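First the structure, in the form of structure tokens, and then the observations on it.
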Amino acid sequence: MSLEQGIGQPSKYVGFDTITTQIESRLLKRGFQFNIMVVGRSGLGKSTLINTLFSSKLTESSGRKSPTEPIEKTTEIKVSSHSLVENNVRLNINVIDTPGFGDQINNERCWEPLVKYVKEQHSQYLRKELTAQREKFLPDTRVHCILYFLSPNGQKLKQLDIQALKKLSEIANVVPIIAKSDSLTLEERSEYKKILQREFIKYNFNIYPYDSEDLYEDERQLNEDIKSLIPFAISGSEQEIQINGELVRGRKTKWGSMNIEDVSQCEFVFLRDFLTRTHLQDLIETTALIHYETFRSKQLIALKENNTNRQSAGQAVATAAAAGATSTNPNGTTQNMQGIPAANSTTAVRM
1138 MSLEQGIGQP
1148 SKYVGFDTIT
1158 TQIESRLLKR
1168 GFQFNIMVVG
1178 RSGLGKSTLI
1188 NTLFSSKLTE
1198 SSGRKSPTEP
1208 IEKTTEIKVS
1218 SHSLVENNVR
1228 LNINVIDTPG
1238 FGDQINNERC
1248 WEPLVKYVKE
1258 QHSQYLRKEL
1268 TAQREKFLPD
1278 TRVHCILYFL
1288 SPNGQKLKQL
1298 DIQALKKLSE
1308 IANVVPIIAK
1318 SDSLTLEERS
1328 EYKKILQREF
1338 IKYNFNIYPY
1348 DSEDLYEDER
1358 QLNEDIKSLI
1368 PFAISGSEQE
1378 IQINGELVRG
1388 RKTKWGSMNI
1398 EDVSQCEFVF
1408 LRDFLTRTHL
1418 QDLIETTALI
1428 HYETFRSKQL
1438 IALKENNTNR
1448 QSAGQAVATA
1458 AAAGATSTNP
1468 NGTTQNMQGI
1478 PAANSTTAVR
1488 M
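Counting from 1138, one number per residue, gives the positions in the sequence shown under the working numbering.
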């Protein structure tokens, strides 16, 4: 049987071209869910950057307000939920903050609460997915992106960052950034990016975006351009300042005034466009198709093996019970495992 393929055009208008409009209409009514986690030490401007990225007051700083304030003993997880509407498109955002990360005297394994949280969201989604009567649209709390903030110190990665980046990049889309890059000169910034890029290769981190054979050529080229920028050197600002008679979002630095949307001074625009204008949908899809599917497969395989082991153990017990249910004693009397003569014994039981 041969199947002929070809591209043709109906002789009259059919209307199936409206399917994109139908899809758009349904999606617009439902809105889109995006969950972003920010990870880094206190004082690196995590809250400021999130507010700057979405031009909205989404989160307050949860770091220490003063040196006298006690340091958190463990890494916390704080989630705040928001809805933003832009040109009739609603984006539901969960911002996952991680106060206490890297702030302890002993930071050993301080990334574990973050790994646990990411896996818990996968686990919750899987449980809802496997229920007999599941919801039509499952609530999605899976972490779509982790912004990992690195200190602008110009040095190689600390052991804490190495371990955290390694663990987190195995289970989620991790995007490293150099925080408060305005504290560096352009030359220092360029050299620091090279140092970190070598470190990423050395430790084989699985940094987003990923290589894929399924990408079109333009998508592949875009990803290569983005990879050359990572880690993004950024500064956030919720303030407007005047530069050359124009009000812009910027900061006053020891070098002068900086417009955060001037790409010659700051890579904020590259990061914003990457997260919201070119890769927002891919971050969501990659979480579902790669990270969640990996987790799901492991869980289902483990469940199957556990059930198989239980069945094998049950069969072994049943076989042993059947084999030991009757036995013959030295005088030829058949007895059960408790020593009581069996009902079919040919030897009479004397009273």
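The beta-carbon is built from N, C-alpha and C at its ideal position, and this holds for glycine as well. These numbers were taken from a predicted model, which means no experiment stands behind them.
Starting from T1322, follow the alpha helix (DSSP H) in both directions and report where the run begins and ends.
T1322 -> no alpha helix (DSSP H), and no H or E assigned at all.
Using CA coordinates, which residue listed in I1187, L1195, N1225 is at the minimum distance from E1161?
N1225
Expressed to the nearest angstrom, what Euclidean distance is found between the alpha-carbon atoms of S1288 and T1424?
27 Å
Which value, in whole angstroms, describes the spacing of the CA atoms of Y1150 and K1166?
28 Å
In chain order, what residues of the same chain lie with their CB nearer than 8 Å to the CB of A1439, ignoring the 5 residues before and after it?
none
Could you please give the first and the last residue of the uninterrupted alpha helix (DSSP H) stretch that includes T1390?
Where T1390 is concerned, there is no enclosing alpha helix (DSSP H), although the beta strand (DSSP E) it sits in stretches over 1383-1390.
Hey, quick one: how far does the beta strand (DSSP E) through I1233 stretch, first residue to last?
1226-1234
Cutting at 7 Å between CB atoms, please list the residues of its own chain near T1155, excluding the five before and the five after it.
none
Work out the CA separation of V1252 and E1404 for me, nearest whole Å.
28 Å
Which of the three DSSP states, helix, strand or coil, is assigned to E1377?
strand
Short check: CB of V1385 to CB of Y1345, under 8 Å?
no
Looking at the C-beta of L1408, does it have a partner C-beta in chain C at a distance below 8 Å?
The chain labelled as chain C is not found in the depicted structure, where only one protein chain is given.
What separation, rounded to the nearest whole angstrom, lies between the Cα atoms of D1351 and Q1170?
24 Å
Who does I1314 pair with in a DSSP beta bridge?
F1286, F1369
Quick one: what's got a C-beta closer than 7 Å to Q1146's C-beta in the same chain, skipping five residues either side?
none
Rounded to the nearest angstrom, what separates K1215 and E1422 at their Cα positions?
24 Å
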